[in-house]
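**Q** Line by line, the protein sequences give chains A and B.
Numbered by my numbering, the letters in the first sequence go through residues 698 to 995 in order.
Numbered by my numbering, the letters in the second sequence go through residues 308 to 579 in order.
Don't be surprised by glycine CBs; every beta carbon is placed ideally from N, CA and C.
Since this is a predicted model, take the numbers as computed values, not measurements.
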Amino acid sequence: MTRATGRGAVATRPGLVWAVPAAVFFGMFALTPLLLVAVLSFTSWDGIGDPHFNGLDNWTALFHDPVMLQSVWTTLLLTALGVVTQTPVSILIGVWAAGKQRNRAVLSAVYFVPLLLSATAVSVVWRAVLDPNFGVPAQLTWLFGDGNLLGTKSGAIGVLTFVGVWQFTPLHALIYQGGARAIPQVLYQAAAVDGAGRVRQFLHITLPQLRNTVITSVILMVVGGLTTFDTVLILTQGGPGTDTTVTSYYMYQKAFKSFDFGTGSAIALVLVVVATLISLAVVRLSGYDRMRGTAEGL
Amino acid sequence: MRRRPNVLAGFGSLVWLVLVGLPLYVLLIATFRTRADYSTEGPLSLPKHWTLQNYLTDLSTGFGQDFLNTLTVTAGVVAIVLLVVPPLAYAIVRARGRATGWVFRLFLLGLAIPAQAVIVPMFFVISKTGLYDHLLGVILPTAAFCLPVCTLVLTGAMRDISPELYEAMAMDGASPARMFRQLVLPLSKGGLSSITVFAALQAWNGFLFPLILTQSDSTKVITLGLYDFQTEHGVDVPGLLSAVVLSMLPVFVVYLFARRALVQGLTGVGGK
């Protein structure tokens, strides 16, 4: 950034003191717990008394815990399914909504509604809608068969994936809408002159131009997918059996249902490490690096 | 240049409209049914007798209290965010020195800390400080977890202020505090409304922190009320769904009147 214009007027700058309140607050309620989770993972604590150090006990137990391993696979599966299903739908809706016609504005307003609902409300509504006895499946038997979708492993995973699409597509569609609006119209006009049809334009202009948007959106989906919790708690309680026990839900069970807070912390730390690795990828890939580069020559 | 109507996209958007609309239809219609009507007629038909009883019952059975608690949490979170984020963003955008970059990086890193990851130590800290089962114990962590995104959105808005304006004010002998009040705050109004909306939505819809950090009825928030309702009276679907509608009513009203700020707030969440 240029420091001063011709006459050498250098504006007074605020000191770093201005950042102190936020930094102290954030340190106390976000960073300290983050360090504490690492400490607690080497202790046994029942939530009432004081934690006692027990070395690597929690970690060795977790490593041999079949449910933990299964939960990691389930989490990765659900995350992958989320990315694979949400990405194409949100690209299509986002690009479509980037158009200018009036009906798109109205429809976009409707499409946006799921974003206003809390994850709790979304789960409660879908549980009611999909109830095998009193929900929609009981009325549309031609579509759903016997309709107990949440009673089987594939059904439960399917429902969680579908509800994820329903809940998160609007946010990602919004991101893509912004991305699509930023594509220069000249590219489309040139392509149209060359006789490229709509599909070719989409494949050869829109998609490549959206590359960075896709990266940002996918990484957000991955972080969201790894930490899915509310929907699992309300829709499936990790079941049937442990078929949809994702890692964050398993952590909740261990800590707040079995009062084994040490093991809960260890599971949480696994989540932190994975999420941090992805965060570094966010900073690397999505261009925040460059944004920082424009900040006062850092 | 004339374009043919895009039949494929039109069809796709209609399919999506059904997917979004159907559950919303079931949600809304069910709240005007009696329980008996819901179980015999199913969720898709129109109710035989329209009734408002579900809403009245919800409001008389503690939902009003939940509502007030959620309102308190939301107000508290928004207040904290508006108090600490603007000075922070100002420092990040304008302060000199290596430390500024580190502060920004610290908050960016916070973007990736999922609330689940710190919920056990949060429970530890909150119960050791005696804030367990107090609304303040929910407000503080919720606000802390809003900071990264709000900081990112607001620094984005503040970067758009041109350096010439600062220089002009400096010529008049303005202090950093006066520049903040008279230049930075007025010019980042858009960013400020975005972070307000985002923080309010997060607080209003928050579930995990209240679930872990409160237990009594007097500190229960709406989302927790829905969860308890579902586990305790799972068969009263119309009552449950009318509680859902009540819970989203304020958000919906804000949406009707301030769609732009809301959409921008949420787009900001996705990164720019």
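Per the DSSP calculation, S741(A) is bridged to which residue(s)?
**A** Its beta-bridge partners are H749(A).
**Q** At the level of alpha carbons, what is the spacing between L966(A) and D747(A)?
**A** Each residue's Cα considered, the two are about 20 Å apart.
**Q** Starting from the C-beta of M476(B), find all residues in its chain whose C-beta is less than 8 Å away, skip the five residues before and the five after it, and write them out in chain order.
**A** Contacts found: R485, M486, Q489 and L490.
**Q** Quick check: the Cα distance between F318(B) and R566(B), rounded to an integer number of angstroms?
**A** Their backbone Cα atoms lie some 26 Å apart in a straight line.
**Q** Touch check for the region 808-815 of chain A and the region 550-559 of chain B: three-plus C-beta pairs under 8 Å?
**A** Yes: the two stretches touch, three or more of their Cβ pairs being nearer than 8 Å.
**Q** Is the Cβ of R710(A) closer than 9 Å to any Cβ of chain B?
**A** Yes - at least one Cβ of chain B is within 9 Å of the one on R710(A).
**Q** Should R710(A) be labelled buried (16 or more other beta-carbon atoms within 10 Å of its own) or exposed?
**A** Buried, because 16 or more other Cβ atoms sit within 10 Å of the Cβ of R710(A).
**Q** Just to confirm the assignment, what range does the alpha helix (DSSP H) spanning Q783(A) have?
**A** Looking at the DSSP string, the run of the alpha helix (DSSP H) that includes Q783(A) is P763 to A794.
**Q** Does the beta carbon of T364(B) come closer than 9 Å to any beta carbon on chain A?
**A** Not closer than 9 Å to any Cβ of chain A, the Cβ of T364(B) fails to qualify, so no.
**Q** Taking the alpha helix (DSSP H) that V560(B) falls in, what are its first and last residues?
**A** Looking at the DSSP string, the run of the alpha helix (DSSP H) that includes V560(B) is V544 to F564.
**Q** Taking the alpha helix (DSSP H) that V314(B) falls in, what are its first and last residues?
**A** From DSSP, the alpha helix (DSSP H) with V314(B) extends over V314 to A337.
**Q** With H, G and I counted as helix, E and B as strand and the rest as coil, what does DSSP make of M914(A)?
**A** Reading the sequence as shown, one finds Ser at residue 914(A) and not Met. S914(A): helix per DSSP, three-state reduction.
**Q** Is it true that the CB of F430(B) sits closer than 9 Å to the CB of G959(A)?
**A** No, these two residues do not count as a Cβ contact at 9 Å.
**Q** What are the start and end residues of the alpha helix (DSSP H) that includes G417(B)?
**A** Unbroken alpha helix (DSSP H) run through G417(B): R405 to G417.
**Q** Assign R704(A) to one of three DSSP states: helix, strand, or coil.
**A** Low local confidence applies: a pLDDT of 46 at R704(A) is under 50, so the model's placement there is unreliable, with the coordinate-based value given in what follows. Of the three classes helix, strand and coil, the one that applies to R704(A) here is coil, per DSSP.
**Q** If contacts are defined as beta-carbon pairs under 8 Å, then T973(A) and A419(B) qualify, I think. What distance do you get, rounded to the angstrom?
**A** Correct: roughly 6 Å between the Cβ atoms.
**Q** Nearest by alpha-carbon distance to A422(B): which of D543(B), F516(B), S525(B) and S523(B) is it?
**A** When only C-alpha atoms are compared, the closest one is F516(B).
**Q** Find the residues of chain A that neighbour M429(B), judging by a C-beta separation of less than 8 Å, and give them in chain order.
**A** F726 and P730, listed in chain order.
**Q** Going along the chain, which residues of its own chain have a beta-carbon closer than 8 Å to the beta-carbon of T729(A), five neighbours each way excluded?
**A** No residues qualify anywhere along the chain.
**Q** Could you check if V528(B) is buried or exposed, using at least 16 other CB atoms within 10 Å of its CB as the buried criterion?
**A** Buried, because 16 or more other Cβ atoms sit within 10 Å of the Cβ of V528(B).
**Q** Mind listing, in chain order, the continuous alpha helix (DSSP H) runs of no fewer than 4 residues lying wholly within the region 903-953 of chain A?
**A** Those alpha helix (DSSP H) runs which fall completely within the region 903-953 of chain A and span 4+ residues are 908-923 and 944-949.
**Q** Which chain B residues sit within Cβ distance under 8 Å of P836(A)?
**A** It should be noted that the sequence gives Gln, not Pro, for residue 836(A). Going along chain B in sequence order, the residues near Q836(A) (Cβ under 8 Å) are G349, P350 and L351.
**Q** How about A720(A): is its C-beta nearer than 9 Å to some C-beta of chain B?
**A** Closer than 9 Å to some Cβ of chain B, the Cβ of A720(A) qualifies, so yes.
**Q** Since M476(B) meets chain A, which of its residues come closer than 9 Å, beta carbon to beta carbon?
**A** Correct list: A708 and T709.
**Q** Among G498(B), T462(B) and G532(B), which has the Cα closest to the Cα of R401(B)?
**A** Nearest option by C-alpha distance: T462(B).
**Q** If you count every other CB in all the chains shown that lies within 10 Å of the CB of G498(B), and 16 or more means buried, which is it?
**A** It counts as buried.
**Q** Going straight from the alpha carbon of T740(A) to that of V427(B), what length do you get?
**A** Cα to Cα, the separation comes out at about 12 Å.
**Q** Would N512(B) count as contacting chain A if we go by Cβ distances under 9 Å?
**A** Cβ-Cβ to chain A under 9 Å: yes for N512(B).
**Q** What does a CB cutoff of less than 6 Å around K579(B) pick up in its chain, not counting 5 residues either side in sequence?
**A** The pLDDT assigned to K579(B) is 38, lower than 50, so where the model puts this residue is not dependable, and the model offers no usable value.
**Q** Within its chain, find whatever has a CB closer than 7 Å to the CB of R523(B); leave out the 5 residues flanking it on each side and keep chain order.
**A** The question names Arg, but residue 523(B) is Ser in the sequence shown. D440, listed in sequence order.
**Q** Would you say Q489(B) reaches chain A, if we count a Cβ-Cβ gap shorter than 9 Å as a contact?
**A** It does not: the Cβ of Q489(B) has no partner Cβ on chain A nearer than 9 Å.
**Q** Measure the beta-carbon distance from A795(A) to Q882(A) and round it to whole angstroms, keeping in mind my assumption that it falls under 8 Å.
**A** At roughly 11 Å, the Cβ-Cβ gap does not stay under 8 Å, so A795(A) and Q882(A) are not in contact.
**Q** In angstroms, rounded to a whole number, what distance separates the CA positions of A735(A) and A963(A)?
**A** So the alpha carbons of these two residues sit roughly 7 Å apart.
**Q** Rounded to whole angstroms, what's the CA-CA distance from T379(B) to V558(B)? Just pull it up for me.
**A** Going by the C-alpha atoms only, they are around 15 Å apart.
**Q** Output the distance between the C-alpha atoms of S352(B) and A758(A), rounded to the nearest integer angstrom.
**A** Whole-angstrom Cα-Cα distance: 53 Å.
**Q** List the residues of chain A that R401(B) touches, going by C-beta distances under 9 Å, in chain order.
**A** Within chain A, the residues near R401(B) are A708, R710, P711, W715 and E993.
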